Every structure is written in C-alpha cells, then in structure tokens.
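Residues in the sequence shown are numbered consecutively from 741, following our numbering.
Think of the CB as a built atom: it goes at the ideal place given N, C-alpha and C, for glycine as much as any other residue.
All of these numbers come straight from a predicted model, not from anything done at the bench.
Comments concern the structure below.
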Amino acid sequence: MPYNLNDVKILVVEDMAPMMTLMRSVLQIFGFKKLCSALNLEEAYEVYKKENPDIIITDWLTGEENGLKLINKIRKDEDSPNPYIPIILMTGYSNRDRVEAARDNGMTEFLVKPYTARDLYNRIARLIENPRKFVKTSEFFGPDRRRHKDEGYTGEIKRKKDYYAEQSQKLKDAADIIMKDRDNLD
741 MPYNLNDVKI
751 LVVEDMAPMM
761 TLMRSVLQIF
771 GFKKLCSALN
781 LEEAYEVYKK
791 ENPDIIITDW
801 LTGEENGLKL
811 INKIRKDEDS
821 PNPYIPIILM
831 TGYSNRDRVE
841 AARDNGMTEF
851 LVKPYTARDL
861 YNRIARLIEN
871 PRKFVKTSEF
881 FGPDRRRHKD
891 EGYTGEIKRK
901 KDYYAEQSQK
911 LKDAADIIMK
921 DRDNLD
C-alpha cells in the first residue's frame, strides 16, 4: 500500500558508509524526504534528541557498540524525548537468543540481513498499519512483545485460552451446520 512519507523523519544508524548510502537511497525511493543519520550510538542518541525522528532504523553492531544499548537508552533514559518511538533493528544474526534479546530490550521490528527493499518496506508498513501498544512493568518497557490475532499471526496456538476459544468456535460452527441440515430435512 503506498503512503505519503514526505513528512516522516527517519534516523538511520549504520557505521558502514556503503550500507548507509544504500539504506538512504532505498528510503528515498520509498518516498522519505526527511532522513538523518549517525555512524555510532553516541552520535545516534544526540541526533535522536535533536531531530526527534518518527522512526529509527539501527544496526545491531555499530563499530564496537551494541544497538541494544541505544534501544535501552531510548526506552529508559529520562532525557529521551520519545521512548515510544518505533525502532527497527537490523542484524545479520537471526538465532533465537538474538531475537529474544532484541525483543526484551524494546525493539519494535527485527530485520535480518541480507534483506530486500521489500522486506524493509514491509517492516515500515507494519509500523504504520499495526502499531504496537506499549507495556511498562518493573522489568520491561517497550512494545507489546506478543503478536495479536488482529496483526495477522498465523503461527501455532500456544495459549490454553486461545485453544479453547478456537475449539468453542468450531463447536458453534458445527452446531450451526447441524441445525441447518435438520431444518432442511423438515
């Protein structure tokens, strides 16, 4: 779905100049006009505070630093102007421990390298179409870590209440079919 992205400001955090150039070019093709960038996490936090972007796209590894540190600072620092900002975390590592660590530190979307322009656009579209509610507990602050059915989740049902709701709906559907068949026999 096409969007008017002229007024959406994006901060891109990437320490490799060729990747930064490529990312900026792709975002401009998508229609983003307001792009800011940073080569390291310290610079990224300062640009974030000064520019107040609408979306942040950051690499997991930026030089010797870890992108989770930036996410954590944005989510928890008292000086953070918008701890609710959507953050897309890019990484070449997609093992379960990494994904869970990113989720538990408050990233909004996860993007595995190598990725296509379509993958990036889909993550941005998901931010727009299905914004995640935020959760604040004594141990966590960030986007709701659970995907909800209205977000198009098609994976395995793991919660008992979901299972029972599904079974209940199946029984209701079966009863409706039986009643229609019985009415047709009369």
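Where the alpha helix (DSSP H) containing residue i begins and where it ends
i: Met759; result: Ala757 to Phe770
i: Val839; result: Arg836 to Asp844
i: Gly832; result: Gly832 -> no alpha helix (DSSP H), and no H or E assigned at all.
i: Leu751; result: Looking at the DSSP string, Leu751 is not in any alpha helix (DSSP H); the run it does join, the beta strand (DSSP E), is Lys749 to Val753.
i: Lys816; result: Gly807 to Lys816
i: Tyr785; result: Leu781 to Glu791
Buried versus exposed, by CB contacts within 10 Å (16 or more), residue i
i: Leu762; result: exposed
i: Glu849; result: buried
i: Tyr788; result: buried
i: Asn818; result: The question names Asn, yet the displayed sequence has Glu at residue 818. The residue is exposed, with fewer than 16 neighbouring Cβ atoms inside 10 Å.
i: Leu911; result: exposed
i: Gly807; result: buried
Pairwise C-alpha distance: residue j and residue i
i: Gln907; j: Pro883; result: 29 Å
i: Ile864; j: Glu783; result: 23 Å
i: Glu805; j: Tyr833; result: 15 Å
i: Lys876; j: Arg866; result: 22 Å
i: Glu879; j: Ile795; result: 24 Å
i: Tyr785; j: Pro793; result: 11 Å
i: Asn870; j: Asn862; result: 11 Å
i: Lys853; j: Ile814; result: 23 Å
i: Pro823; j: Val839; result: 20 Å
i: Leu851; j: Pro821; result: 25 Å
i: Asn811; j: Arg885; result: Note that residue 811 is Ile in the sequence shown, not Asn. Their backbone Cα atoms lie some 15 Å apart in a straight line.
i: Leu781; j: Glu754; result: 9 Å
i: Phe935; j: Gln909; result: Lying outside 741 to 926, the shown extent of the chain, residue 935 is not represented and no answer is given.
i: Val938; j: Phe772; result: No information on residue 938 is available, as it lies outside the stretch 741 to 926 that the chain covers here.
Endpoints, the beta strand (DSSP E) within which residue i is located
i: Lys774; result: Lys774 to Ala778
i: Leu851; result: Glu849 to Val852
i: Ile797; result: Ile795 to Asp799
i: Lys873; result: Taken as a continuous stretch (DSSP letters only), Lys873 belongs to no beta strand (DSSP E), as it is neither H nor E.
i: Pro883; result: Phe881 to Pro883
Pick from the options that is closest to residue i, judged by C-alpha positions
i: Met759; options: Ala915, Arg886, Ile917 and Thr856; result: Thr856
i: Glu791; options: Ala915, Ile825, Gln768 and Arg885; result: Ile825
i: Arg764; options: Leu860, Ile917, Ala915 and Asp916; result: Leu860
i: Pro742; options: Asp913, Ile868 and Ala757; result: Ile868
Checklist entry - Are the stretch 843-853 and the stretch 744-755 in contact at 8 Å, needing three or more beta carbon pairs? => result no
Checklist entry - Counting pairs of beta carbons, one from the stretch 799-808 and one from the stretch 818-830, are three or more of them closer than 8 Å? => result yes
Checklist entry - Three or more C-beta pairs closer than 8 Å, one from the stretch 776-783 and one from the stretch 749-759: is that the case here? => result yes
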